[in-house]
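Written out below as structure tokens is the structure these notes cover.
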Amino acid sequence: MIIQSKVGIRPGYFDFSAEHITGSVAESLEALRTDYLDVLLLHRPDTLVEPDEVAAAFDQLHSEGKVRHFGVSNHTPGQIELLKRSLNVPLIFNQVQLSITHAPLFASGIAANMAGLDQSVVRDNGLLDHARLNDITLQAWSPFQKGFFDGVFLDDRENYAELNDALDELAAKYGVTPTGIAVAWITRHPADIQVVLGTTKPSRVKESAAGSEVPLTREEWYRLFTAAGYIVP
Numbered sequence: 002m003i004i005q006s007k008v009g010i011r012p013g014y015f016d017f018s019a020e021h022i023t024g025s026v027a028e029s030l031e032a033l034r035t036d037y038l039d040v041l042l043l044h045r046p047d048t049l050v051e052p053d054e055v056a057a058a059f060d061q062l063h064s065e066g067k068v069r070h071f072g073v074s075n076h077t078p079g080q081i082e083l084l085k086r087s088l089n090v091p092l093i094f095n096q097v098q099l100s101i102t103h104a105p106l107f108a109s110g111i112a113a114n115m116a117g118l119d120q121s122v123v124r125d126n127g128l129l130d131h132a133r134l135n136d137i138t139l140q141a142w143s144p145f146q147k148g149f150f151d152g153v154f155l156d157d158r159e160n161y162a163e164l165n166d167a168l169d170e171l172a173a174k175y176g177v178t179p180t181g182i183a184v185a186w187i188t189r190h191p192a193d194i195q196v197v198l199g200t201t202k203p204s205r206v207k208e209s210a211a212g213s214e215v216p217l218t219r220e221e222w223y224r225l226f227t228a229a230g231y232i233v234p
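Each position in the sequence shown, counted from 1, maps to that position plus 1 in this note's numbering.
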């Protein structure tokens, strides 16, 4: 079991101060009744961040054995590089939103340099390639969401009939559920992306775990991509 937590979001603002980072970790350790966290992530970028202050907090937590590894969430390559200039520990995770229907992480690169096409707009500043070049593991949150908290696309035949037909067909082929295929679409990528399920249902965990072993072909991966509304030029 790997215990991971995040820090930085407070009511109405973000806070990467050393005091908040170390204080939040102390609260997490007490709540979880454990001596250490395997991973601590800095949640959504704090534009008022002082990288040296973050470095001091990380050094303290690491030297005290309270946190073993560190990462970020929803950070751009530039924001990561700014932090890395001060840090003495590596950033090995970046947690980002990703699902078949919310995939700018992949979509803009597939349709690069196509004028007038919304899919070509770069919204992540090259986050995917940066992660692969720097050995940062991406973690996909909201893997079943249509968009930004717009509900799930699974069984939504009003808006995603073609996608759900494809999910059902592939689920039958591989002996898993459509949920499993939605996970397989993410884990098929060679970046070795981890999936953050965000569920309390054991059945959903089992379905997703089974799907993570499904070896989708390139044709099947792109079929799901286009069924979700993206184009392959």
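By construction, the Cβ of each residue, glycine as well, lies at the ideal position given by its N, Cα and C atoms.
Between the C-alpha atoms of residue i and residue j, what's the straight-line distance to the nearest angstrom?
i      : j      : result
VAL26  : ASP39  : 12 Å
GLU220 : GLY110 : 18 Å
LEU99  : ILE194 : 10 Å
ALA112 : PRO105 : 10 Å
LEU43  : THR200 : 21 Å
MET115 : SER121 : 6 Å
TRP142 : PHE149 : 11 Å
GLN96  : LYS7   : 10 Å
ASP125 : TYR175 : 32 Å
ALA162 : TRP222 : 17 Å
Buried or exposed: residue i, going by 16 or more other Cβ atoms within 10 Å of its Cβ?
i      : result
TYR14  : exposed
LYS147 : buried
PRO144 : buried
GLU65  : exposed
PRO191 : exposed
PRO203 : exposed
PRO12  : exposed
ARG189 : buried
Let me make sure I understand the geometry here. Which of the options has the alpha-carbon closest to that of residue i?
i      : options                          : result
HIS21  : TYR37, ARG34 and GLU51           : GLU51
VAL206 : GLY181, ASP193 and ALA58         : GLY181
LEU139 : THR77, THR23 and VAL123          : THR77
ILE5   : ASP166, PHE154, ASP53 and THR35  : Looking at the sequence provided, one finds Gln at residue 5 rather than Ile. Comparing Cα positions, the closest option is THR35.
LEU134 : SER121, GLU82 and ILE101         : GLU82
ALA185 : GLU28, GLN80, ARG86 and LEU225   : LEU225
LEU33  : VAL153, LEU164, ILE3 and PRO105  : ILE3
GLY79  : LYS67, HIS131 and GLN61          : HIS131
ILE101 : ARG86, TYR175 and ALA167         : ALA167
ALA1   : ALA173, GLU159, ALA211 and LEU49 : The question about residue 1 has no answer here: the residues shown for the chain are numbered 2 through 234.
Taking Cβ to Cβ, would you say residue i is nearer than 8 Å to residue j?
i      : j      : result
GLY72  : ASP47  : no
LEU92  : VAL55  : no
LEU129 : PHE107 : yes
ALA183 : LEU217 : no
VAL197 : SER209 : no
SER89  : ASP119 : A small correction: the amino acid at residue 89 is Asn; Ser does not occupy that position in the sequence shown. Cβ distance not < 8 Å, so ASN89 and ASP119 don't count as in contact.
VAL215 : VAL177 : yes
**Study point:** Continuous beta strand (DSSP E) assignments of at least 3 residues falling wholly in the segment 19-77
**Key:** 38-43 and 68-74
Q. Can you give, in chain order, each stretch of the beta strand (DSSP E) that sits fully within the segment 112-179 and has at least 3 residues?
A. 138-142
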